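What the sequence shown shows, in the numbering used here, is residues 1 to 141, in sequence order. All residues carry an ideal CB built from backbone N, CA and C; glycine is no exception. Here the structure is a predicted model, which means the values were calculated and not measured.
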Amino acid sequence: MDDFQAQVDGGKTDALAPFLDTDALKKNVVEFLKLRFNSSNNPASNLTPEQMQATADSFVTRDNILLMMKGAYMEPGTTVPTATDDKTPHPVEKHYETPGVYAVDIYKSQVETPDNKLSLLFVRDGWFGWKLSAFRFSWSG
Numbered sequence: 001m002d003d004f005q006a007q008v009d010g011g012k013t014d015a016l017a018p019f020l021d022t023d024a025l026k027k028n029v030v031e032f033l034k035l036r037f038n039s040s041n042n043p044a045s046n047l048t049p050e051q052m053q054a055t056a057d058s059f060v061t062r063d064n065i066l067l068m069m070k071g072a073y074m075e076p077g078t079t080v081p082t083a084t085d086d087k088t089p090h091p092v093e094k095h096y097e098t099p100g101v102y103a104v105d106i107y108k109s110q111v112e113t114p115d116n117k118l119s120l121l122f123v124r125d126g127w128f129g130w131k132l133s134a135f136r137f138s139w140s141g
């Protein structure tokens, strides 16, 4: 995780690639979009598979991951923040959820509640490596 954080701190987006499981991240975003936006009660609002994949492709980028790790709160389908140099950056909390899962929680505001955060979930990759493999989005509006 120290190597990953060093690349984030250095702003080197190309160097993030070995730390990302891009396929798993895109699949995770598509699943979130299905749960969040597709509804049997209102089929007219459902996203097509192509729309979901396009949204996942535009969300899961090294530039966006870098912004998130620097404290920018983002969700699929929303506009990307243009800068992360807020005078009051979003709180970021890092912790182990299990021995095999490391979480980086990024809060939408200074209020740190479970429904106010995005979590970047890293899973073990071998004995000492980690890969960003999933996001956990809050359901608050």
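Residue i vs residue j beta-carbon contact at 8 Å
i, j, result
"Ala-103", "Glu-97", "yes"
"Thr-22", "Val-60", "yes"
"Leu-33", "Pro-76", "yes"
"Leu-132", "Leu-118", "no"
"Gln-7", "Leu-16", "yes"
"Leu-66", "Gly-11", "yes"
"Lys-26", "Asp-57", "yes"
"Phe-122", "Val-29", "no"
"Phe-4", "Trp-130", "yes"
"Met-74", "Asn-64", "yes"
"Leu-47", "Asn-38", "yes"
Given residue i as reference, the closest of the options once Cα atoms are compared
i, options, result
"Trp-139", "Thr-55, Lys-108, Ile-65, Lys-94", "Lys-108"
"Pro-91", "Asp-9, Ala-72, Phe-4", "Ala-72"
Minimum Cβ-Cβ distance from residue i to chain B less than 8 Å
i, result
"Pro-49", "No chain B appears in the structure shown, which is made up of a single protein chain."
Outcome for residue i when other beta-carbon atoms lying within 10 angstroms are tallied against a minimum of 16
i, result
"Met-69", "buried"
"Met-1", "exposed"
"Thr-55", "buried"
"Asp-105", "buried"
Opposing strand residues paired with residue i [DSSP bridges]
i, result
"Phe-4", "Phe-4 pairs with nothing; no bridge assigned."
"Ala-134", "Leu-121"
"Lys-94", "Val-104"
Within the segment 17–70, note down every full alpha helix (DSSP H) run reaching 4 residues or more, in order along the chain.
Whole alpha helix (DSSP H) segments, 4+ residues: 22–37, 49–59, 62–69.
Whole beta strand (DSSP E) elements within the segment 101–129, 3-residue minimum
For the segment 101–129, whole beta strand (DSSP E) runs of length 3 or above, ordered along the chain, are 101–107, 117–125.
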